[in-house]
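Remarks on the structure that follows.
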Amino acid sequence: MRVSSILLAAAATLVATIDSTSATATFVQTKLPPADVVKSGNTLQNMGAGNRYLRSRNNVDEADDDGEEEIDSDDEEERTVTDKMLNQFKKWHARGDTADDVYDKYMLASHMRKAYHTGNWAAYKANPKYQKYINYVEYLNNLKK
Numbered sequence: 001m002r003v004s005s006i007l008l009a010a011a012a013t014l015v016a017t018i019d020s021t022s023a024t025a026t027f028v029q030t031k032l033p034p035a036d037v038v039k040s041g042n043t044l045q046n047m048g049a050g051n052r053y054l055r056s057r058n059n060v061d062e063a064d065d066d067g068e069e070e071i072d073s074d075d076e077e078e079r080t081v082t083d084k085m086l087n088q089f090k091k092w093h094a095r096g097d098t099a100d101d102v103y104d105k106y107m108l109a110s111h112m113r114k115a116y117h118t119g120n121w122a123a124y125k126a127n128p129k130y131q132k133y134i135n136y137v138e139y140l141n142n143l144k145k
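The sequence shown begins at 1 in full-length UniProt numbering and counts up one residue at a time.
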């Protein structure tokens, strides 16, 4: 029992010294640039700007005349399927293309693998080919109803 405790303590000490020596070697090899070269991204953005506005559209202070303009623009933003895209969906459906066929055509599997490995799912979902695929799936689902 004592021999196993001693071996465990020796192994823990050995692992701790290996980790500390490799960390020291890595730290010694790292060089930092001079302080005047490093600029904060926040400093560069705020040079000469008092307040930043995150929304580039209408400010809160500006009054709407009748409000109709805002409603129309919201309707346009919600409409993601254009007439051209709808015609393409009709052609695909007439040819018998399934959602899987479109998925394969746009090679979305490789894009999905990349998003999985990098964790950048927002870029995958923002991909125009993925958006078109999703819209085609919705188009097919609406036909079934």
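Virtual Cβ for every residue (Gly too), placed ideally from N, Cα, C.
Secondary structure note for D83: its alpha helix (DSSP H) is the uninterrupted segment D83 to R95. A direct Cα-Cα distance of roughly 19 Å separates T80 from L108. Collapsing the DSSP output to three states places M112 in a helix. By the neighbour-count criterion, in which 16 or more other beta carbons inside 10 Å mark a residue as buried, Y136 falls on the buried side. Straight through space, the alpha carbons of K105 and K145 are spaced by roughly 26 Å. With respect to the C-alpha of L86, the residue from L140, A11 and L8 having the closest C-alpha is L140. Around L8, the same chain offers no residue with a beta carbon nearer than 6 Å, after the five sequence neighbours per side are excluded. Contact annotation: H117 and N127 have beta-carbon atoms that are not nearer than 9 Å. Between Y130 and Y124, the C-beta spacing is below 9 Å.
For Y136, the enclosing alpha helix (DSSP H) begins and ends at P128 to K144.
Straight across, the Cα-Cα distance linking A115 with W121 is about 5 Å. With respect to the C-alpha of V102, the residue from E138, A10, A16 and V15 having the closest C-alpha is E138.
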